[in-house]
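Participant: Heads up: the protein sequence lines correspond to chains A and B, in order.
Position 230 of the first sequence, counted from 1, bears residue number 230 in this note's numbering, the numbering being contiguous throughout.
Position 257 of the second sequence, counted from 1, bears residue number 530 in this note's numbering, the numbering being contiguous throughout.
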Amino acid sequence: MSGLRLQLRAPLRDRIDLGPAFGTPWAAASAAEVARREVWSPRSGPVPLGDLFTVEGAPDGTVTLTGDLQLAERVGAGLTEGSMRVDGSVGDRAGAGLRGGRLEVGGNAGHSAGEGMSGGVVIVRGNAGNRAGAAAPGSKRGMTGGELVVLGSAGDETGAAMRRGLVAIGGTTGRCTLLSSIAGTVVACGPTGPDAALWNKRGSLVCLGSVDPAATYRYACVIQPTYLRLLLRRLRDVHGLPVTAEHIDGRFRRYSGDFAETGRGEILAWSPA
Amino acid sequence: MKIRSVFIEDTFAEAFTMRSARLIVTARSARWVREAALKLTGFATSVIGCKCEAGIERVLTEAETPDGRPGVSVLFMVMAKDELPKRLVERVGQTILTCPTTACYDGLPDAPDRVKVGSSLRYFGDGFQASKVIGGQRFWRIPVMEGEFLVAETFGMVKCIGGGNFLILAEDADKALAAAEAAVDAMHGMPGIILPFPGGVVRSGSKVGSRRSKTMIASTNDAYCPTLRAVTATALPDTVNSVLEIVVNGLDAAAINASMRAGIDAACRPGVVSITAGNYGGKLGPHHFKLRDIMGGTSA
Numbered sequence: 001m002s003g004l005r006l007q008l009r010a011p012l013r014d015r016i017d018l019g020p021a022f023g024t025p026w027a028a029a030s031a032a033e034v035a036r037r038e039v040w041s042p043r044s045g046p047v048p049l050g051d052l053f054t055v056e057g058a059p060d061g062t063v064t065l066t067g068d069l070q071l072a073e074r075v076g077a078g079l080t081e082g083s084m085r086v087d088g089s090v091g092d093r094a095g096a097g098l099r100g101g102r103l104e105v106g107g108n109a110g111h112s113a114g115e116g117m118s119g120g121v122v123i124v125r126g127n128a129g130n131r132a133g134a135a136a137p138g139s140k141r142g143m144t145g146g147e148l149v150v151l152g153s154a155g156d157e158t159g160a161a162m163r164r165g166l167v168a169i170g171g172t173t174g175r176c177t178l179l180s181s182i183a184g185t186v187v188a189c190g191p192t193g194p195d196a197a198l199w200n201k202r203g204s205l206v207c208l209g210s211v212d213p214a215a216t217y218r219y220a221c222v223i224q225p226t227y228l229r230l231l232l233r234r235l236r237d238v239h240g241l242p243v244t245a246e247h248i249d250g251r252f253r254r255y256s257g258d259f260a261e262t263g264r265g266e267i268l269a270w271s272p273a
Numbered sequence: 274m275k276i277r278s279v280f281i282e283d284t285f286a287e288a289f290t291m292r293s294a295r296l297i298v299t300a301r302s303a304r305w306v307r308e309a310a311l312k313l314t315g316f317a318t319s320v321i322g323c324k325c326e327a328g329i330e331r332v333l334t335e336a337e338t339p340d341g342r343p344g345v346s347v348l349f350m351v352m353a354k355d356e357l358p359k360r361l362v363e364r365v366g367q368t369i370l371t372c373p374t375t376a377c378y379d380g381l382p383d384a385p386d387r388v389k390v391g392s393s394l395r396y397f398g399d400g401f402q403a404s405k406v407i408g409g410q411r412f413w414r415i416p417v418m419e420g421e422f423l424v425a426e427t428f429g430m431v432k433c434i435g436g437g438n439f440l441i442l443a444e445d446a447d448k449a450l451a452a453a454e455a456a457v458d459a460m461h462g463m464p465g466i467i468l469p470f471p472g473g474v475v476r477s478g479s480k481v482g483s484r485r486s487k488t489m490i491a492s493t494n495d496a497y498c499p500t501l502r503a504v505t506a507t508a509l510p511d512t513v514n515s516v517l518e519i520v521v522n523g524l525d526a527a528a529i530n531a532s533m534r535a536g537i538d539a540a541c542r543p544g545v546v547s548i549t550a551g552n553y554g555g556k557l558g559p560h561h562f563k564l565r566d567i568m569g570g571t572s573a
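(1) What residues from the segment 95 to 112 of chain A come within 8 Å of chain B, judged by C-beta to C-beta, listed N to C?
(2) Rounding to the nearest angstrom, what Cα-Cα distance links A269 of chain A and S210 of chain A in this structure?
(3) Tell me where the alpha helix (DSSP H) around K359 of chain B begins and ends.
(4) Comparing the C-beta of I169 of chain A with each C-beta of chain B, is any distance below 9 Å?
(5) Can you give the Cα-Cα distance for G165 of chain A and E147 of chain A, rounded to whole angstroms?
(6) With a threshold of 9 Å between beta-carbons, can F412 of chain B be considered close to chain A, or not?
(7) Cβ of E426 of chain B less than 9 Å from any chain A Cβ?
(8) Is the shortest distance between the beta-carbon of R285 of chain A and the beta-carbons of chain B less than 9 Å?
(9) Comparing the C-beta of L178 of chain A with each C-beta of chain B, is any distance below 9 Å?
(10) When the Cβ atoms of the segment 176 to 183 of chain A are set against those of the segment 234 to 254 of chain A, are three or more pairs found closer than 8 Å?
(11) Buried or exposed: where does P275 of chain A fall if 16 or more other Cβ atoms within 10 Å of its Cβ makes it buried?
(12) CA-CA distance, D249 of chain A and T226 of chain A?
(13) Going straight from the alpha carbon of D237 of chain A to that of R125 of chain A, what length do you get?
(14) Cα separation between A135 of chain A and V362 of chain B?
(15) Closest to V521 of chain B by C-alpha separation, out of B:F562, B:G341, B:V306, B:P339, would be which residue?
(16) Name the DSSP bridge partner or partners of V187 of chain A?
(17) Compare the C-beta of T244 of chain A against all C-beta atoms of chain B and say whether one is closer than 9 Å.
(18) Does the beta-carbon of L557 of chain B have 16 or more other beta-carbons within 10 angstroms, so that it is buried, or is it exposed?
(19) What residue ranges within the segment 9 to 46 of chain A form continuous alpha helix (DSSP H) runs of no fewer than 4 residues, ordered along the chain?
(20) Could you tell me the distance, in whole angstroms, from the CA atom of F412 of chain B to the CA atom of F285 of chain B?
(21) In whole angstroms, what separates the C-alpha of C433 of chain B from that of R292 of chain B?
(22) What are the residues in the segment 222 to 239 of chain A lying within 8 Å of chain B by C-beta distance?
(23) Examine chain A for any beta-carbon lying closer than 9 Å to the beta-carbon of I407 of chain B, and answer yes or no.
(24) Within 10 angstroms of its Cβ, does E261 of chain A collect 16 or more other Cβ (buried), or is it exposed?
(25) Which residues, in chain order, does the segment 282 to 299 of chain B contribute to contact with chain A at a C-beta distance below 7 Å?
(26) At what residue ranges does the segment 361 to 420 of chain B contain a whole run of the beta strand (DSSP E), taking only runs of 3 or more?
(27) Hey, does F397 of chain B have any beta-carbon neighbour from chain A nearer than 9 Å?
(28) What's the C-alpha gap between T488 of chain B and R254 of chain A?
(29) To the nearest angstrom, how far is the alpha carbon of D92 of chain A from that of A161 of chain A?
(30) Alpha carbon to alpha carbon, how far is V417 of chain B from G398 of chain B?
(31) Does chain A have any CB closer than 9 Å to the CB of D458 of chain B?
(32) For a test of the three-state rule: what should DSSP assign to V424 of chain B, helix, strand or coil?
(33) Who are the near neighbours of E104 of chain A in its chain, counting only those whose CB is closer than 6 Å to its CB and skipping five residues on each side?
(34) If you compare alpha carbons, which of A:R37, A:G23, A:G106, A:F259 is closest to P99 of chain A?
(35) Counting only Cβ pairs nearer than 8 Å, list the residues of chain B close to T185 of chain A.
(36) For a test of the three-state rule: what should DSSP assign to C323 of chain B, helix, strand or coil?
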C-alpha cells in the first residue's frame, strides 16, 4: 500500500489543531519529515505530529488518517495539493481555507467544514455541522472557489457569505442556507430549512427538495436551465449525490431575489412533473 | 501503383498549418442540433472566400455530450490565431445563440491556448448574464426569450492541418460523382477531420493566382478542366472526362492520413481512371501527404 498512513497512537483527550501539518507542500515529504511537522495543542502548545500519530509509508501525494479524530480541528486546512482521506469523523473547520487538492472525510465533519476554501474539493461522507462553506469569523467572504460536497445533511448557514464555488448537500439543509452570499451555488438535495438564501446578492440556491422562498423573493418562471444538467450530472456521476434523471430532465420554478439586496440571485426549486 | 485497376499517381497533397477549435453543440432534439450545426458550418468551405473552414466532425450520442442531450462535434479552422475568436464569436452568436434549445461547449478543454467566446457573447445579456463554474470550467448563462443560452467562456485552440486532398479522375461525370460519394461516405465521421466543401466534394479545384487578373488569389485549375483539354497544358489522361476533388482538414497528420486512405480506397471503383492530388510543388505548404505512402505503396 503506497502513500503516507497516519494512525492515531492514543485517543485524543483534548482538542488539537491539525491545520499546520499539511498547510504547506507535503506531497513529496517522507514519513519522517511529516512526523516532525508540528501541530497545535491548546493545552501544551506545539506538538510534533509523530507524537500523536504513527507515520508510515512512502510519499505519493496521498495520506490516510485513521483513529477517532472528532477532537481534531482544521483537518486538511489550507491544503494546496494531494489527496487526504480520513477514515472516521473529524472536528470543526475541516478543510478550512483549502486551496487545492482533495480532502475526503469518511464520517461526519463538525462546524465550518470547508470554511473560506478557495479551491480543491472537500467530500464529507457523513453529516456536516453549521456554516459549512461559510466565511471564517471576521472574514467578509466565505468560499471563493472549489467544491464542498456533503453526502449527508448540513446544519444552519451553509454557504453563508459565499463568493464563488459550489456546496452540495445530499440530505437536509438547515436554516439560512446561502445567507448573505455574494455569488456561488448551493445545491440542496433534501429539504431546505427556513430563511433560505436570505440577503443573497447573485448566488444560486438549487433545491431538489422542499423550499419556502422568503417574501423578498419574486416568482419568475418555470425553466429547465441547461447549466443545471451539467451540474446535476456531475454531482451524481462524480460525487454520488442522490440526483435522479427526473431532477436532471426536470423543470424548476425560478425565484429572483433577494430584493432586500440586489435581486440578482435565484432560488431554483425542482418542480416534480 | 494500382488499386483495383485505378492508377495512383506518385504525387502528394500539399497542406497548410491552420488553427482550430472544436465546438460541441447540443440541443433538445436531434432536429435542433442539426439545424444549429448546419447554420454554424454554412458558408465555411474555404478561407479564400469565407474567412474560415468548418464542418461537422461527427454526431454525438447523448452519452457523449456534457449535458446528456443529442449533439454534434464541429471543427472550426482559420489561418491566423487572431482570426479564430472573431469568427467564433460571429458564428456562435448568430447561429447557436439564436437557435432554440442549444448550448455550446468546448471540445478541446485541455488545450492551453484559449479563445474567448462566451466571455464576449455574454454582453448580449445586457448585464443580466451570470456565470457558473462547473468542474473547473466557466460557463455563461445568457438570458434569452426562450429561456437561457449556455456557452463556455473559452474554447481551446490547437494547430491543425488544412488542405489535405485528392482528385478523382473518372471517365464521366456520373462515375466521378459516384466515386466521390463513396469516398465521402467512407471518410464521414472519422475522428479529427472535416470535409468542409458541399457534401465533402469540390468540383472547382483552384490553382494559385490567375492568368488574367493580378488581384485574384485563386482561379480555376485549368490543367484538370476537361473542357480546356485542347486549349491548355492539360494534366488529364485521354479517357478522363470529369474530375472531382475531396478536401480534408484535420487536427493532425495521422487523422488526415487515415481519412485519405479510407477515401481513396473507396473511390477506387469502376469508371475511375486515376487518383492524384493537388500541390504547389512543395514550396507553399509544410505538410505533404504522399498518396502512395498513404495507400501502402512506395513513392518513387
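Using N, Cα and C, we set each Cβ at its ideal position, and we do this for glycine too.
Facilitator: Concretely, from the data shown:
(1) none
(2) 8 Å
(3) 356 to 364
(4) no
(5) 6 Å
(6) yes
(7) no
(8) Absent from the model: residue 285 of chain A. The displayed extent of chain A is 1 to 273, so no value can be given.
(9) no
(10) no
(11) The displayed coordinates of chain A run from 1 to 273. Any statement about residue 275 of chain A would go beyond what the structure contains.
(12) 9 Å
(13) 15 Å
(14) 38 Å
(15) B:F562
(16) A:A168, A:V206
(17) no
(18) exposed
(19) 19 to 22, 31 to 36
(20) 43 Å
(21) 5 Å
(22) I223, Q224, P225, T226, Y227, R229, L230, L231, R233, R234, V238
(23) yes
(24) buried
(25) none
(26) 376 to 379, 387 to 389, 403 to 407, 410 to 417
(27) no
(28) 58 Å
(29) 18 Å
(30) 8 Å
(31) no
(32) strand
(33) R85, I123
(34) One detail in the question is off: residue 99 of chain A reads as Arg in this sequence, not Pro. Of A:R37, A:G23, A:G106, A:F259, the residue nearest in Cα terms is A:G23.
(35) K405
(36) helix
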